[in-house]
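Position in the sequence shown (first residue = 1) + 19 = the numbering used here.
To start, the structure itself, in structure tokens.
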Amino acid sequence: MNQLLRNTPLFAISQALMISAISLIVTCSALVGFELAVDKSLATLPAAVMFIATMLGSIPAALLLEKIGRKTGFMLATFIGVLAGVVCTYAIIIHQFWLFVMGIALFGFFNSVGNYFRFAAADNVATEYKSRAISYVMLGGIFAAFIGPNLANYAKYWIDDAIFAGSFAATTVLYILMLISLSFLSLDSPIKVNKKDPPLSKSRPLRVIAKQPKFIVAIICAMLGYGVMSLVMTATPLSMLQHQHTFPDTAFVIQWHLLGMFVPSFFTGYLIRYFGITPILVTGVLIGFICVAINLSGHGLSHYWAALVLLGICWNFLFIGGTTLLTETYRQEERSKAQAINDFIVFSTAAAASLSAGYLQFKFGWEMVNIGVIPALLIVLFSLLWMKKRPIAIVSVID
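Here is the structure:
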């Protein structure tokens, strides 16, 4: 309980700052890409590259954190975030699209490390507090809902003749504040497995861990929940632009989307403990279907607002539920490889979704973007039914 009270607020602050930067990027990167790119269908490429970089960095990040310790690794990674802000700012000033993409990739590499905040919080508390720790960390996103989009809008004209350059310059401050927060962490040392430990406590091969129905379904829920969210969210600013909505309107919608993503974290952990993980995951899927229905019904500001709020709640239930389910499938000494393969798959899906968002939006329109997520939601639903019929393996978890 002491670790929950000491470290979790610090992770929540760091998560808030990380998501603030991500939400700023999501709010304006497609618009910057549209301005800088010769081929306008590449407008969402920067956001996609961020997810690709996150995916590529997820496994090396896990190995790095295991090797040098999570606190040291987290703090070192913040310098990549600062560099990313500098590169993107300069790229916008000189009107260089591919340099901007490179800067966004650096944000993605930082995110591959920062995404372990939730796991680090969960791994440092007793089993009964894991879902609560994950939820508390994700609560940081509530502040990000106000900081990111508003900072993007407020700072976009800070630098003359380079709209949004000031927004990306402001991200450097976010990472410096994150560095300060992380410096107060008190975490366990890197795990060392004693060769004299009994066989039960020895690390199992990844293929054995990955064969568990719980592990498979946890990854399906997290990756498709993130993929659905990424596809619709990335396409939203472009769709709103095409339907003559202003940038403040877009920032407003993204802000409420982020609130939908993170406000439920106040109670998601408690709901999981009370009702169980599966009912929360099913509820997330059903909310996703309602989101699609609203998006297909019109292009007014109220349609985008309501749908994106529900999209955020859908993501929250699927992502936190999937993450909590994953923590039940590995032992303490197996955490790095289990978490690494999870994040690699999750962010591979997010990258593919984000990259395809621009193509689908420009070639087929908003309706096709939303129709495209229906099969993903159905797969999540069927996987939960499949898990319910499978025997549950018992895993010894060492806290």
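We treat Cβ as the ideally placed atom computed from N, Cα and C, and that holds for glycine.
Remember, it's a predicted structure, so these values are computed and weren't measured experimentally.
- In this structure asparagine 26 does not touch leucine 225 by the C-beta definition: roughly 27 Å separates them, more than the 8 Å allowed.
- By the neighbour-count criterion, in which a residue is buried when 16 or more other Cβ atoms sit within 10 angstroms of its Cβ, histidine 114 is exposed.
- Annotation for isoleucine 228: the continuous alpha helix (DSSP H) segment containing it runs 225 to 229.
- Using a C-beta cut-off of 8 Å, the region 139 to 158 makes contact with the region 27 to 37, since at least three inter-stretch Cβ pairs fall below that distance.
- By the Cβ criterion, the region 289 to 306 is not in contact with the region 191 to 205, since fewer than three pairs of Cβ atoms, one from each stretch, lie closer than 8 Å.
- The C-alpha of isoleucine 87 is placed about 45 Å away from the C-alpha of tryptophan 385.
- With at least 16 other beta carbons inside 10 angstroms of its own, glutamine 380 counts as buried.
- The beta-carbon separation of valine 365 and methionine 242, rounded to 4 Å, stays under the 8 Å limit for a contact.
- By the Cβ test, the region 157 to 177 is in contact with the region 263 to 272, since at least three Cβ pairs between them sit closer than 8 Å.
- In this structure, DSSP gives arginine 350 a state outside helix and strand, which the three-state scheme calls coil.
- Of the candidates Ala326, Cys47, Gly317, Val106, the residue whose Cα lies closest to the Cα of phenylalanine 126 is Val106.
- Around the C-beta of phenylalanine 234, 16 or more other C-beta atoms lie within 10 Å, and the residue is accordingly described as buried.
- Residue Thr63 holds the alpha-carbon nearest to the alpha-carbon of tryptophan 117 among Gln351, Leu83, Thr63, Tyr135.
- In the DSSP assignment, threonine 63 falls outside any alpha helix (DSSP H) and carries neither an H nor an E.
- Contact between the region 331 to 341 and the region 37 to 50 is absent, with fewer than three C-beta pairs closer than 8 Å.
- Within the same chain, and ignoring the five residues on either side of valine 328 in sequence, the residues whose Cβ sits closer than 6 Å to its Cβ are Trp275, Gly279.
- Look at the beta carbons and you see the region 343 to 356 not touching the region 47 to 64: under three pairs across the two are nearer than 8 Å.
- Following the DSSP letters along the chain, one finds glutamate 386 inside the alpha helix (DSSP H) bounded by residues 385 to 390.
- Within the same chain, and ignoring the five residues on either side of glycine 100 in sequence, the residues whose Cβ sits closer than 6 Å to its Cβ are Phe129, Tyr194.
- In summary, tyrosine 135 is buried, with 16 or more beta-carbon neighbours lying within 10 Å of its beta-carbon over all protein chains present.
- For phenylalanine 183, no alpha helix (DSSP H) encloses it, and the DSSP letter there is neither H nor E.
- DSSP places serine 205 outside both helix and strand once states are collapsed to three, so it counts as coil.
- Going by C-alpha positions, glutamine 34 is about 7 Å away from valine 156.
- If you check the CB distance, alanine 395 and glycine 246 come in under 8 Å.
- In this structure phenylalanine 336 touches threonine 287 by the C-beta definition: roughly 7 Å separates them, less than 8 Å.
- Apart from the 5 residues on each side of it in sequence, glycine 76 sits with its Cβ closer than 6 Å to the Cβ of Phe128, Ser131 in its chain, given in chain order.
- Burial is judged here by how many other beta carbons sit within 10 angstroms of a residue's own beta carbon; alanine 312 has fewer than 16 and is exposed.
- Within the region 304 to 347, the alpha helix (DSSP H) runs of at least 4 residues that lie entirely inside it are, in chain order, 320 to 345.
- Excluding residues up to 5 positions away in sequence, Leu170, Ala174 lie with their Cβ nearer than 6 Å to the Cβ of alanine 189 in the same chain.
- For isoleucine 113, no alpha helix (DSSP H) segment is defined, and its DSSP state is neither H nor E.
- For proline 267, the number of other beta carbons within 10 angstroms of its own is below 16, and it is reported as exposed.
- If the five residues before and after threonine 346 are omitted, its C-beta is found closer than 7 Å to the C-beta atoms of Ala141, Lys149, all from its own chain and listed in chain order.
- The alpha-carbon separation between arginine 151 and aspartate 180 amounts to approximately 46 Å.
- Boundaries of the alpha helix (DSSP H) harbouring alanine 270: 266 to 281, taken from the DSSP string.
- No residue range can be given for threonine 146, since it is assigned to no alpha helix (DSSP H) and is classified by DSSP as neither H nor E.
- DSSP places lysine 221 outside any alpha helix (DSSP H), giving it a letter other than H or E.
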